[in-house]
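Visitor: Numbers in my numbering are just positions in the sequence shown, counted from 1, shifted up by 1037. Ideal placement from N, C-alpha and C gives every residue a C-beta, glycine not left out.
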Amino acid sequence: MGFMMRFLWVFLMLFATVMARPAMAECESGEIIIRMSHINRSFNHPIGDAASELEQRVNTELDGLACMEVFGNSLLYTDDRVVRALLDGDIQLAVPSYGALDEYTRNFRVFGLPFVFKNINAVGRFQESAAARSLLLSMRGFGIRGLDYWQTGMLQLSANKPLNNPKAAKGLTFRTTGSTVSNVQFAAMGAYSKPISYAALYSALESGELDGAEESWANFNDKRIYEVQSTLTQTNHAVGGNVLIMSQAWFKTLPPEVSKPLMKIIAEVSKKQREQVASAEVKAKAKIIADGGVIVALTAGERDEWRNELKGVFSHFAAEVNPVFTRLIDRINAEN
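1. Excluding five sequence neighbours on each side, which residues of the same chain lie with their C-beta closer than 7 Å to the C-beta of P1059?
2. Check this for me: beta carbons of V1280 and R1143, under 8 Å apart or not?
3. Considering only C-alpha positions, which residue in the set L1138, R1146, A1371 and K1260 is nearest to A1355?
4. Between V1295 and the rest of its own chain, which residues show a CB-CB distance below 8 Å, the 5 nearest in sequence each way excluded?
5. Straight-line CA distance for I1303 to F1179?
6. Out of curiosity, what's the CA-to-CA distance linking L1365 and S1244?
7. According to DSSP, which residues form a beta bridge with V1107?
8. Cutting at 7 Å between CB atoms, please list the residues of its own chain near R1118, excluding the five before and the five after it.
9. Contact between the stretch 1217-1230 and the stretch 1156-1168 is defined here as three or more beta-carbon pairs at a separation below 8 Å; is this criterion met?
10. By how many angstroms is the C-alpha of V1218 removed from the C-alpha of P1151?
11. Return the CA-CA distance between F1154 and E1252, expressed in angstroms with no decimal places.
12. If you compare alpha carbons, which of Q1222, L1112, H1075 and M1073 is closest to S1352?
13. Between the beta-carbon of G1136 and the beta-carbon of T1189, is there less than 8 Å?
14. For R1368, which option in D1086, R1162, I1128 and G1126 has the closest C-alpha, if you only look at C-alpha atoms?
15. Roughly how many angstroms lie between the CA atoms of A1321 and N1258, to the nearest whole one?
Now the structure itself:
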């Protein structure tokens, strides 16, 4: 893509982001300010759409009591900085990736285990379970209140060639969020990993700083990665998702007339977000194909080859998470 075309595309995306999202709330004196940060665009994305709906509902249903402002597209913070910003009180809500929470609990690594989930429906059922709900509470000692799971879909791989088997990835450098599981996973393939912000993903692939990426269909579509990668390989090897978190210290300051309805709204929006992620996957994949992206699906034999190659990674990290989680996932997979 030439410089002028890229400049025009970036301008149009920024213009569309501004025009498609609700106008920034005009907060009234005396209202409790709720600032939220995420890295995705504010429309036509599973997380961006949910964040926009949350903002609209809070500003409508808690008008006069609370005022919510949502900043998407990494306008405030990238994924590696957003948790610290929340703990410092600069924002009150955030939606970091599982990898960004690794230093607070290793149990979120269960979502990165290679081929642990049969499909996106199995992910949803697990996240509704009491075991997964308890995981959300495991960061309170750090001042982080886990509220709910917000999914983007199953993870796929991109490169400038099909990745029908792990050997095809040897020597390539892939973008990760800094997730320990992803880093070891790529090392097991003979590949390299490099933590680069989601906002810089497109330019890093375009310049050749990166050879590939590990993202969901929604994120590949969001960043139009198919423009700078010749092939997207459908591996469905792990879960692309985030956790909606809140500052525990800030939450304790809320009066009941705000905290109770706020938590109800969050629960309802989050449930809807998870229920709609499967259809969002289908739409994002179809949009990629319609725009000229090339998607390669693995055969059953190729998928087994991938699974066998990454067995050691699975075993290593499965031993680090609560076995209650992996046993429950096995039961859910058998029923799906």
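Guide: A quick look at the data gives this:
1. Working through the sequence shown from its first residue, we reach residue 1059 at position 22. For P1059, the pLDDT reaches just 43, beneath the cut-off of 50, and the residue's location in the model is therefore unreliable, leaving the point undetermined.
2. Along the sequence shown, one-based indexing puts residue 1280 at 243. Along the sequence shown, one-based indexing puts residue 1143 at 106. It is not a contact, given that the beta carbons lie outside the stated cut-off.
3. The count along the sequence shown starts at 1 and reaches residue 1355 at position 318. If we check each option's Cα against that of A1355, R1146 comes out closest.
4. To locate residue 1295, count along the sequence shown from 1; it is residue 258. Contacts found: I1069, L1099, L1102 and A1103.
5. Taking the first residue of the sequence shown as position 1, residue 1303 is located at position 266. Taking the first residue of the sequence shown as position 1, residue 1179 is located at position 142. Our two residues, I1303 and F1179, have alpha carbons roughly 21 Å apart in a direct line.
6. Here residue 1365 corresponds to residue number 328 of the sequence shown, with the count starting at 1. Here residue 1244 corresponds to residue number 207 of the sequence shown, with the count starting at 1. Computed Cα separation, rounded: 43 Å.
7. Counted from its first residue, the sequence shown places residue 1107 at position 70. The partner list for V1107 (beta bridge, DSSP) reads M1073.
8. Translated into positions along the sequence shown, residue 1118 becomes position 81. Spatial neighbours of R1118 in its own chain (CB-CB distance under 7 Å, excluding positions within 5 residues in sequence) are not present.
9. No contact exists between the stretch 1217-1230 and the stretch 1156-1168.
10. Here residue 1151 refers to the residue found at position 114 of the sequence shown. Here residue 1218 refers to the residue found at position 181 of the sequence shown. Between P1151 and V1218, the C-alpha separation is close to 9 Å.
11. What you label residue 1154 is simply residue 117 of the sequence shown in a count that begins at 1. What you label residue 1252 is simply residue 215 of the sequence shown in a count that begins at 1. About 16 Å.
12. By 1-based counting over the sequence shown, the position of residue 1352 is 315. Nearest of Q1222, L1112, H1075 and M1073 to S1352, Cα basis: Q1222.
13. Position 99 of the sequence shown, counted from the start, is the residue given in the question as residue 1136. Position 152 of the sequence shown, counted from the start, is the residue given in the question as residue 1189. No, the Cβ-Cβ distance between G1136 and T1189 is not below 8 Å.
14. Within the sequence shown, the letter at position 331 stands for residue 1368. With distances taken between Cα atoms, R1368 lies closest to R1162.
15. As a working note, residue 1321 is residue 284 in the sequence shown. As a working note, residue 1258 is residue 221 in the sequence shown. If you take the alpha carbons of A1321 and N1258, they lie about 6 Å apart.
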